[in-house]
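Going by the numbering used here, the letters in the sequence shown line up with residues 43 to 249, in that order. Just so it is clear, CB atoms sit at the ideal spot from N, CA and C, and this is done for glycine as well. Just so you know, these numbers come straight off a predicted model, no measurement behind them. Notes to accompany the following structure.
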Amino acid sequence: MAVVSDILLLYTPNGNYIESKYMFFKEISAQRISIGQLLGLLAIPFQIFTVFAVFKTFKVQFTRVSYWFLGFASWSLLMGTVYHFTLGYFGNWLNNFYEINKNRDELLHLLSYNSIFHNFIFTTQLLALLFILGFIISTCLASYLFYKSKQLNWKILAFNPINIYLIAVALYLFFPLLGNVVIVTAFNLGIGVFGLVLLWEQKNRAY
43 MAVVSDILLL YTPNGNYIES KYMFFKEISA QRISIGQLLG LLAIPFQIFT VFAVFKTFKV
103 QFTRVSYWFL GFASWSLLMG TVYHFTLGYF GNWLNNFYEI NKNRDELLHL LSYNSIFHNF
163 IFTTQLLALL FILGFIISTC LASYLFYKSK QLNWKILAFN PINIYLIAVA LYLFFPLLGN
223 VVIVTAFNLG IGVFGLVLLW EQKNRAY
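Next up, the structure:
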């Protein structure tokens, strides 16, 4: 659900997400942005459940590290949620602005003097940085917990969310047709892939 939410909110075939200064939003309808925001909200309980499931699994054996994981994962989830909704409001605001100024160069020129635009840019970049820091630390802590517990094959840690994200970046840089789809949902996709691999490993061990 979170993956679909990201695609609805951000995906466009000509995204140019690195250099476009969020101009890709002008190609995304307000309805898509709103649905993407709503699905993102509906996905939050599932993400919270996943975080607490990992925390409860290792709370007794690795109490201190488990609480560190819970704290950083919760922080990352909070920052990611706020970032997601800020982008949605930003996208709708840009769409309205674009309706008045159709020429892209003229639009960028006008936006360069617009304080709301600069505040949005600063806010989204700050939220993204805080989210990424929490994401990296919580992923490393989770990987440590799974590795030290000896409950699972340590080789599955190759599928951790950070590695999945790096693969998404590589696809975006070298295979943009596919990369444009994957990059917008790389973080949630990484969490989903890692979760599925863990479930598969646990199921195999059960037998």
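Using a 10 Å radius around the Cβ and a threshold of 16 neighbouring Cβ atoms, would you call residue i buried or exposed?
i	result
Val45	buried
Leu50	buried
Pro203	buried
Tyr53	buried
Asn230	buried
Ser71	exposed
Ile90	exposed
Tyr207	buried
Gln79	buried
Leu238	exposed
Ser191	exposed
Ala200	exposed
Phe9	Residue 9 is absent from the structure shown; the chain starts at 43 and stops at 249.
Leu219	exposed
Thr88	Reading off the sequence, residue 88 comes out as Phe, not Thr. With fewer than 16 Cβ atoms within 10 Å of its Cβ, Phe88 is classed as exposed.
Leu187	buried
Leu112	buried
Can you check which of these residues, the options, is closest to residue i by C-alpha distance?
i	options	result
Ile158	Cys182, Phe173 and Phe139	Phe139
Phe114	Asn246, Ala184, Ser191 and Asn230	Ala184
Asn137	Lys68, Trp242, Gly232 and Pro55	Lys68
Met43	Ile77, Phe162, Leu241 and Val96	Ile77
Leu241	Leu220, Asn195, Gly57 and Tyr109	Asn195
Leu83	Met65, Ser180, Thr128 and Glu243	Thr128
Ser180	Arg74, Val107, Phe88 and Phe66	Val107
Leu243	Ile198, Gly232 and Leu219	Position check: residue 243 holds Glu in this sequence, whereas Leu was assumed. Among Ile198, Gly232 and Leu219, the Cα nearest to that of Glu243 is on Ile198.
Asn205	Pro55, Tyr186 and Ile178	Ile178
Gly221	Pro55, Ser47 and Asp48	Pro55
Gln73	His126, Ala85 and Gly130	Gly130
Asn134	Phe66, Ile225, Cys182 and Ala228	Phe66
Thr227	Gly122, Trp110, Leu112 and Tyr109	Gly122
Ile174	Phe132, Phe236, Ile75 and Trp117	Trp117
Ile86	Leu171, Cys182, Val223 and Ser47	Ser47
Trp110	Cys182, Ile233, Ile225 and Leu171	Cys182
Please list the terminal residues of the continuous alpha helix (DSSP H) segment that includes residue i.
i	result
Ala212	Pro203 to Phe216
Phe104	Neither: Phe104 is in no alpha helix (DSSP H) and is coded neither H nor E.
Gly176	Ser157 to Ser191
Val226	Segment: none, Val226 is in no alpha helix (DSSP H) and carries neither H nor E.
Leu51	Ala44 to Leu52
Quick test of your reading: residue i and residue j, contact by CB under 8 Å. State the CB separation rounded to the nearest angstrom.
i	j	result
Leu119	Val93	7 Å
Val124	Leu169	6 Å
Phe132	Tyr64	7 Å
Does the beta carbon of residue i fall short of 6 Å from some heavy atom of the ligand SAH?
i	result
Tyr214	The ligand SAH is not part of the structure shown, which contains no ligands of any sort.
- [ ] Evaluate contact between the segment 157-175 and the segment 91-104, counting only Cβ atoms and requiring at least three cross-stretch pairs below 8 Å.
- [x] no
Open item on the list: With a threshold of 8 Å, are at least 3 pairs of Cβ atoms found where one atom belongs to the segment 165-172 and the other to the segment 210-224?
Closed with: Contact fails: fewer than three Cβ-Cβ distances are below 8 Å.
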